[in-house]
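Trainee: After the structure tokens below, expect a handful of questions from me.
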Amino acid sequence: MDNFKYINGSLYAEEVPVEQIVAAVGTPTYIYSRQTLQTHYRRIAESFSPLHPMICYSIKSCGNISILRELAGWGSGFDVVSGGELFRALQAGGRPAAVVFAGVGKSDAEINEALDAGILLFNIESEQEFQNINRLCGLRNITANAALRVNPDVASAGTHQKTLTGKKETKFGIDIDRAAAFYRHAAAASHLKLTGLHLHIGSPIKSAAPYVDAITKALALIDELARENIVVDTLDIGGGFAAFYEGNEAPSAADYAAAIVPLLAGRSLKIILEPGRSISCNAGILVSRVAYTKQGGSKRFVIADAAMNDLIRPTLYESYHFIWPVNPGAELMPPNRTAALRTPHDQCVDVVGPVCESGDYLAKDRFLPPLKRGDLLAIFSAGAYGFAMSSQYNARPRAAEVLVTGKTWSIIRRRETYHDLIAAEL
Ligand code: LLP
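When we follow my numbering, the leftmost residue of the sequence shown carries the number 569, and every step to the right adds one.
Okay, here's the thing in structure tokens:
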């Protein structure tokens, strides 16, 4: 699952003691394992290799340019949703010809930046957006390629309401029953070629079945269009593969592939995948120091120096992140990472941060070994949508980011300073 392991009672990131890193960098700090990133990237690449897919890592999950540089080096392209993410991809040495651009509200400036760069594909989300990109290409007298994001109206049990996208009545894409008409109209456009179909049904999708439903519907549409001589040669199946938060709940890349590859093998479609979380989630932990402990009514609080501004997922999605001391001692090494884990000395606590909101918590009613001021905590499975969704709320400088490779580590984002908080206001 990852390369964060307890050895003799202390947590290591690959071969580096976590305590050694935070002694130099402080807390809170995100620590990423290059090996874990690579393992998850490779598993997807290998499992889907019969389809020769283009893997476009979804930058929004974890967009540090040092991480993007590694991925580009392994052959990954990028899924971007803003001019800023495109900028990150290019700064990291990403190939423009392996960039796909999604998002319901692309501005003219962002579209022009993508045209300047020469990206592979615009993933179109509405009629007006299609007309606008066609117009902007016309002004340059060039032709660009597009895929239509189709909303297949599939159910995906277990995905939080706020991250569900494949049902009707979400803002994403075009309903599948309107899609054929969209392709027919688009055929008349002179500067934007609509030759692709894009799906992204939500995140995380904890089984392969919704993909099978969505792809089956997409293939029926592609066949219907082919009978009218409208050629769709690219299928982008989006992201959404699950990661490991609580033990082994996520299907493996091979499980997803076993269901998806047979549907697409033998078709001459160019396949694109946009995994984010399944690559970055388990590759990162957030390390925090216990500032204080206290009792509040019947509740025991552990007040950490990381807060909702550093990791907003628990309060935003009620999501579970396994938390354990960095140095629990040899007798308290966690046998697994499930919510049901109990050790003889455990106390039931809320792990909260210093932000002035009751919603500022990292864990509620969690059984943890006794903790005291100064102890270090590791918050696991934090690589995806962790730092990426962090903010400076309460004027808290954002955390540092560190990348570990074997025995070596480097700061890939320095901790922000107070001056960074006001730099854009001067
Ligand atoms: N492609 C598109 C068009 C997307 O919108 C997304 C994620 C992805 C790919 C990557 O999905 P992934 O493989 O990472 O599941 N903040 C939420 C997740 C929001 C996902 C948004 N779109 C969370 O922390 O769970």
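Glycine included, C-beta positions come from ideal geometry on N, C-alpha and C.
Kindly examine the ligand LLP and report whether one of its heavy atoms sits closer than 7 Å to the Cβ of P843.
Mentor: Taking the first residue of the sequence shown as 1, we reach residue 843 at position 275. Under cutoff, so the answer is yes.
Trainee: Within 10 Å of its beta-carbon, does Y986 have 16 or more other beta-carbons around it, so buried, or fewer, so exposed?
Mentor: Mapped onto the sequence shown, residue 986 falls at position 418. Y986 is exposed by the Cβ-count criterion.
Trainee: In terms of alpha-carbon separation, which member of K736, G661, R857 lies closest to I635?
Mentor: Within the sequence shown, the letter at position 67 stands for residue 635. Looking at the Cα atoms, G661 is the closest of the given residues.
Trainee: Tell whether a beta-carbon distance below 8 Å holds between N632 and I980.
Mentor: Walking along the sequence shown from the start, residue 632 turns up at place 64. Walking along the sequence shown from the start, residue 980 turns up at place 412. Yes, the Cβ-Cβ distance between N632 and I980 is below 8 Å.
Trainee: In terms of residue numbering, what span does the alpha helix (DSSP H) encompassing P882 cover?
Mentor: What you label residue 882 is simply residue 314 of the sequence shown in a count that begins at 1. Start and end: 881-885.
Trainee: Which residue marks the beginning of the alpha helix (DSSP H) containing N680, and which one marks its end?
Mentor: Position 112 of the sequence shown, counting from 1, holds the residue named residue 680. Element bounds for N680: 676-685.
Trainee: So is the beta-carbon of M569 under 7 Å away from any non-hydrogen atom of the ligand LLP?
Mentor: Here residue 569 refers to the residue found at position 1 of the sequence shown. No, Cβ of M569 sits at least 7 Å from all heavy atoms of the ligand LLP.
Trainee: Quick check on this structure: which residue in S617, L619, L762, G806 has the alpha carbon closest to the alpha carbon of A747?
Mentor: Locating residue 747 in the sequence shown gives position 179, counting from the first residue. A747 has its Cα closest to that of L762, out of S617, L619, L762, G806.
Trainee: Considering only C-alpha positions, which residue in the set T607, W642, F572 is nearest to C624?
Mentor: Start at 1 with the first residue of the sequence shown, and residue 624 comes out as number 56. Ranking the options by Cα distance to C624, first place goes to W642.
Trainee: Give me the residue from P585, N576, S578 with the minimum Cα distance to L971.
Mentor: Counting from one through the sequence shown, the residue named residue 971 turns up at place 403. Considering only alpha carbons, the answer is P585.
Trainee: Please work out which residues of its chain come closer than 7 Å, Cβ to Cβ, to G951, disregarding the five sequence neighbours upstream and downstream, and give them in chain order.
Mentor: Counting from 1 along the sequence shown, the entry for residue 951 is found at position 383. Result list for G951: Y600, C630, S848, C849, N850, A851, G852, in chain order.
Trainee: Taking three-plus beta-carbon pairs below 8 Å as touching, is the region 692-705 in contact with the region 771-783?
Mentor: In short, these stretches do not touch, since the Cβ pair count stays below three.
Trainee: Is the separation between the beta-carbon of A967 and that of R983 shorter than 8 Å?
Mentor: The count along the sequence shown starts at 1 and reaches residue 967 at position 399. The count along the sequence shown starts at 1 and reaches residue 983 at position 415. Closer than 8 Å, so yes.
Trainee: Can you tell me the Cα-Cα spacing of K867 and N576, whole angstroms?
Mentor: As a first step, residue 867 is located in the sequence shown; it is residue number 299 there, counting from the start. As a first step, residue 576 is located in the sequence shown; it is residue number 8 there, counting from the start. Rounded to the nearest angstrom, the two C-alpha atoms are 32 Å apart.
Trainee: Is T998 near the ligand LLP, judged by its Cβ being under 7 Å from some heavy atom?
Mentor: Within the shown structure, residues of the chain are numbered from 569 to 994, placing residue 998 beyond reach of any answer.
Trainee: From S820, E842, K785, P819, pick the residue whose C-alpha is nearest to that of D804; which is it?
Mentor: By one-based count along the sequence shown, residue 804 stands at place 236. Here the closest residue by C-alpha is E842.
Trainee: Can you name the residues that DSSP bridges to M622?
Mentor: Against the sequence shown, residue 622 aligns to sequence position 54. For M622, which the question treats as bridged, DSSP gives the partners I840.
Trainee: Hey, I891 and A946: beta-carbon distance below 8 Å or not?
Mentor: Here residue 891 corresponds to residue number 323 of the sequence shown, with the count starting at 1. Here residue 946 corresponds to residue number 378 of the sequence shown, with the count starting at 1. Yes, they are a contact pair.
Trainee: Curious, which full-length alpha helix (DSSP H) runs of at least 4 residues does the region 775-805 contain?
Mentor: Entirely contained in the region 775-805, the alpha helix (DSSP H) runs reaching 4 residues are, in chain order, 777-795.
Trainee: Measuring CA to CA, which of I687, A685, L716 is closest to Q699?
Mentor: Taking the first residue of the sequence shown as position 1, residue 699 is located at position 131. For Q699, the nearest C-alpha among the options comes from L716.
Trainee: Do F869 and D918 have their C-beta atoms within less than 8 Å of each other?
Mentor: Position 301 of the sequence shown holds residue 869. Position 350 of the sequence shown holds residue 918. Yes, the pair counts as a contact, with Cβ atoms nearer than the cut-off.
Trainee: Going by the DSSP bridge assignment, what does Q699 pair with across the sheet?
Mentor: Counted from its first residue, the sequence shown places residue 699 at position 131. None; Q699 has no bridge partner.
Trainee: Helix, strand or coil: which one does DSSP assign to G770?
Mentor: Residue 770 sits at position 202 when you count from the first residue of the sequence shown. Three-state result, G770: strand.
Trainee: With hydrogens ignored, establish whether the beta-carbon of R611 is closer than 7 Å to any heavy atom of the ligand LLP.
Mentor: Position 43 of the sequence shown, counted from the start, is the residue given in the question as residue 611. Answer for R611: no, Cβ out of range of the ligand LLP.
Trainee: Tell whether a beta-carbon distance below 8 Å holds between R910 and F948.
Mentor: Walking along the sequence shown from the start, residue 910 turns up at place 342. Walking along the sequence shown from the start, residue 948 turns up at place 380. No, they are not a contact pair.
Trainee: When every heavy atom of the ligand LLP is checked, does at least one fall within less than 7 Å of the C-beta of G897?
Mentor: The sequence position of residue 897 within the sequence shown is 329, counting from 1. Outside the cutoff, so no.
Trainee: Would the region 604-618 count as touching the region 918-934 if we require 3 or more Cβ pairs under 8 Å?
Mentor: No, the region 604-618 does not touch the region 918-934.
Trainee: Hey, quick one: how far does the alpha helix (DSSP H) through S615 stretch, first residue to last?
Mentor: Along the sequence shown, one-based indexing puts residue 615 at 47. Segment 602-615, the alpha helix (DSSP H) holding S615.
Trainee: At what residues does the beta strand (DSSP E) containing Q915 begin and finish?
Mentor: If you number the sequence shown from 1, residue 915 lands on position 347. That run of the beta strand (DSSP E) goes 915-920.
Trainee: Following a CB-centred definition, is P772 positioned closer than 7 Å to any heavy atom of the ligand LLP?
Mentor: Here residue 772 is taken as the residue at index 204 of the sequence shown, counted from 1. Within the cutoff, so yes.
Trainee: Between the Cα of I798 and the Cα atoms of R752, Y813, T784, which residue gives the shortest distance?
Mentor: The count along the sequence shown starts at 1 and reaches residue 798 at position 230. Of the listed residues, the one whose Cα sits closest to I798 is R752.
Trainee: Determine the contact status of F646 and V667, defining contact as a CB-CB distance below 8 Å.
Mentor: Taking the first residue of the sequence shown as 1, we reach residue 646 at position 78. Taking the first residue of the sequence shown as 1, we reach residue 667 at position 99. Result yes, Cβ atoms of F646 and V667 sit closer than 8 Å.
Trainee: Counting C-beta neighbours from all protein chains within 10 Å, is the total for Y824 16 or more, i.e. buried, or is it exposed?
Mentor: In the sequence shown, the residue the question calls residue 824 occupies position 256. Answer is buried; the Cβ neighbour count reaches 16.
Trainee: Tell me the DSSP bridge mates of L936?
Mentor: Walking along the sequence shown from the start, residue 936 turns up at place 368. According to DSSP, which records beta bridges pairwise, L936 is partnered with Q915.
Trainee: Q898 to Y574, Cα distance in whole Å?
Mentor: Counting from 1 along the sequence shown, the entry for residue 898 is found at position 330. Counting from 1 along the sequence shown, the entry for residue 574 is found at position 6. A small correction: the amino acid at residue 898 is Ala; Gln does not occupy that position in the sequence shown. So the alpha carbons of these two residues sit roughly 9 Å apart.
Trainee: So the candidates are V722, A754, V800, V855; which of them puts its Cα closest to the Cα of I589?
Mentor: Locating residue 589 in the sequence shown gives position 21, where the first residue counts as 1. For I589, the nearest C-alpha among the options comes from V855.
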